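Taken in order, the sequence shown gives residues -12 to 366; the numbers are from the working numbering.
Worksheet for the structure shown next.
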Amino acid sequence: MNLHEYQARSILRAAGVPMPDGDVASTPDEVEVIAARLGGKVVVKAQVHAGGRGKAGGVKLAATPKEARELAGKILGMTIKGLTVEKVLVVPTADIASESYVGLIMDRESQRPVFMVSAAGGVDIEEVAATAPEKILRLPVDPRYGLFPHQAMGLALFLYRDFAQARAAAGIMRQLYSVFIANGASLAEINPLVTTPAGAVLALDAKISIDDNELDRRPDLALLRDESAEDPSEVMARKAGLTFIKLDGNVGCVVNGAGLAMATMDLVKYYGGEPANFLDIGGSSNPEKVVNALRIITADPNVKAILFNIFGGITRTDDVANGIVAATSQFKVNLPIVIRLTGTNQEKAFEILNGVGMRALSDMDEAVKQAVALAKEAA
Ligand code: GDP
Ligand code: MN
-12 MNLHEYQARS
-2 ILRAAGVPMP
8 DGDVASTPDE
18 VEVIAARLGG
28 KVVVKAQVHA
38 GGRGKAGGVK
48 LAATPKEARE
58 LAGKILGMTI
68 KGLTVEKVLV
78 VPTADIASES
88 YVGLIMDRES
98 QRPVFMVSAA
108 GGVDIEEVAA
118 TAPEKILRLP
128 VDPRYGLFPH
138 QAMGLALFLY
148 RDFAQARAAA
158 GIMRQLYSVF
168 IANGASLAEI
178 NPLVTTPAGA
188 VLALDAKISI
198 DDNELDRRPD
208 LALLRDESAE
218 DPSEVMARKA
228 GLTFIKLDGN
238 VGCVVNGAGL
248 AMATMDLVKY
258 YGGEPANFLD
268 IGGSSNPEKV
278 VNALRIITAD
288 PNVKAILFNI
298 FGGITRTDDV
308 ANGIVAATSQ
318 FKVNLPIVIR
328 LTGTNQEKAF
338 EILNGVGMRA
348 LSDMDEAVKQ
358 AVALAKEAA
C-alpha cells in the first residue's frame, strides 16, 4: 500500500525528521488560506501515487497566496500518469543549495533493508542507477542490530563534506530506518534531501510504501489507504479476498496458487499471448471467489479470452466448476472461456460443466494455446 506524500511526511515528522510544516487541501480556496497562514511563499504539490510529479507539472512554486490559489486550480483535477489529482499539499518554500537522494528498500536478494544514498538527488533515481551507478552508495542493514551510528555517518559522509551537515543527515537516516521498521515498510524514501544556503538539512519529499501483510497487525495504517487513488479492479479484488494485479494483455487468467499463476502467465507469453492479469483465487475453493474473479476480469475491456487453470489439491475442482456455472448464470460473459481442471474431484467438475454445455481440458499446454488463439482471433 502506497502512502501519499502528506501521510508519509506526517509519520516522518513525528519521528523527528526535519520537514517544513504544511497542510493538505482539496480546493483552491483552502489552498489560499493555508498559503496565507504559511507566510505566502509556498510550494503546491499534487498528491498522487506517482513519482516525477515535478516533471509532469504537479509541483509548482507560488510567491503569494493568490498565486498559490491559481496554481492549485490548475493542479487539482489534472492527471499524472493516469491518476487524477484530488488533493494538493501546501508547504512553505525552502531555498535549495543541494539535492540528495536517501532511500531504504526491503531487498529480497540480501533479505535485508538496504539503504541507497546519492548526492545526485532530486531527479529520477532509476536514471542515476542506470547511467551512473557509482553515484549511489548501497548499504544492507542487519535487522538484528539496526543501523549503527557509524554506518549512518558513513552514508552521510558520502553526501556531505561538511561535518555538521553530515551529522544532521546521519540523524535523519536513523530516523528513516526506525520509521521503516516500525511501520513494516517495503520502501521509505526522501528525494530530495536538501541543504539550504544557510546550511540546514531538510527533507522536502517523502514516499513510503507499506507491506500489505503488515496491515492486519496495524489497522491504524490500513486507515491511510486512499481507494480513490487505486486501480478500481484491484480495490474490488482485495475486498473479495483475491490476490490480483492488473496487467496490459488480453488473456484474463483465473488460477489457484501464486506459483501456478506465475507459471500460467509464463506459458501464456511462451505461446505468444499477453496475460491481462495475475489472479490467485487462493487455496480454499469458495464458488463465490470464482464469481468475483469473473466479475473483475470481465470488467476489463482489454480482455478477449478467459483462461482458468486450476490444480485441485485443497481446492476442489467441482467447487470451481460450480463457481463458473454460478457466475455465467448470474451475469452474461460475452467472452470465450477455456477451462483447465485437474486433481481433486475432477470427474465431478467435468460433469458439472458438461451439464451446462461447457467443456474442460486437463492439459495445461493445450488450454493455454487455445486461450491465446481465441484472444488473438478476437483482437
Ligand atoms: P517529485 O517530482 O514527485 O519527486 O516531487 P518533489 O517533491 O521531489 O519535487 C520535485 C522538485 O521540485 C524537487 O526536486 C525540487 O527541485 C523542487 N522543489 C520541491 N520543493 C521545493 C521547495 O520548497 N523549494 C524549491 N526551490 N524547490 C522545490
Ligand atoms: Mn521527489
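Positions of the beta carbon are idealized from the N, C-alpha and C atoms, including for glycine.
Just so we're clear, the structure is a prediction, and the values are computed from it rather than from any experiment.
Determine the extent of the beta strand (DSSP E) in which residue i is found, giving its start and end residues.
| i | result |
| --- | --- |
| residue 266 | 264 to 267 |
| residue 233 | 230 to 233 |
| residue 47 | 46 to 49 |
| residue 12 | 10 to 12 |
| residue 79 | 75 to 79 |
From this set, the options, which residue's C-alpha is nearest residue i's C-alpha?
| i | options | result |
| --- | --- | --- |
| residue 322 | 351, 334, 362, 186 | 362 |
| residue 145 | 130, 106, 167 | 106 |
| residue 229 | 169, 282, 85, 51 | 282 |
| residue 122 | 104, 138, 128 | 104 |
| residue 224 | 285, 172, 116 | 285 |
| residue 235 | 255, 216, 264, 257 | 264 |
| residue 20 | 258, 54, 172, 176 | 54 |
| residue 15 | 266, 61, 41, 240 | 61 |
| residue 3 | 163, 139, 306, 240 | 163 |
| residue 246 | 226, 268, 260 | 268 |
| residue 352 | 291, 334, 256, 333 | 256 |
| residue 279 | 252, 320, 343 | 320 |
| residue 266 | 244, 274, 273 | 244 |
| residue 85 | 149, 240, 198 | 149 |
What would DSSP say about residue i, mapped onto helix, strand or coil?
| i | result |
| --- | --- |
| residue 243 | coil |
| residue 94 | strand |
| residue 351 | helix |
| residue 115 | helix |
| residue 106 | coil |
| residue 29 | strand |
| residue 213 | coil |
| residue 342 | helix |
| residue -7 | helix |
| residue 330 | strand |
| residue 405 | Here the chain covers residues -12 to 366 and nothing more, so residue 405 does not appear. |
| residue 67 | strand |
| residue 100 | strand |
| residue 35 | coil |
| residue 257 | helix |
In chain order, what residues of the same chain have a beta carbon less than 7 Å from the beta carbon of residue i, not counting five sequence neighbours either side?
| i | result |
| --- | --- |
| residue -5 | 193, 194, 195 |
| residue 31 | 18, 47, 49, 55, 58, 59, 62, 75, 77 |
| residue 41 | none |
| residue 238 | 255, 260, 261, 262, 263, 292, 294, 358, 359, 362 |
| residue 140 | 153, 157 |
| residue 93 | 100, 173 |
Leaving out five residues on either side along the sequence, give the residues of the same chain with a beta carbon under 8 Å from the beta carbon of residue i.
| i | result |
| --- | --- |
| residue 330 | 297, 298, 299, 300, 302, 304 |
| residue 136 | 157, 161 |
| residue 339 | 305, 308, 309, 312 |
Suppose the cutoff is 6 Å on Cβ atoms and the five residues either side in sequence are ignored; what does the same chain contact list for residue i look like?
| i | result |
| --- | --- |
| residue 154 | none |
| residue 216 | 36 |
| residue 52 | 19, 22, 23, 27 |
| residue 65 | 72 |
Got a sec, what are the start and stop residues for the alpha helix (DSSP H) residue i sits in?
| i | result |
| --- | --- |
| residue 430 | A query on residue 430 cannot be resolved here, the shown segment of the chain reaching from -12 to 366 and no further. |
| residue 366 | Element bounds for residue 366: n/a, residue is neither H nor E. |
| residue 52 | 52 to 62 |
Completely contained alpha helix (DSSP H) runs for the stretch 125 to 209, where each covers 4 or more residues: 136 to 146, 150 to 169, 206 to 209
Every unbroken beta strand (DSSP E) inside the stretch 262 to 322 [3 residues or more]: 264 to 267, 292 to 299
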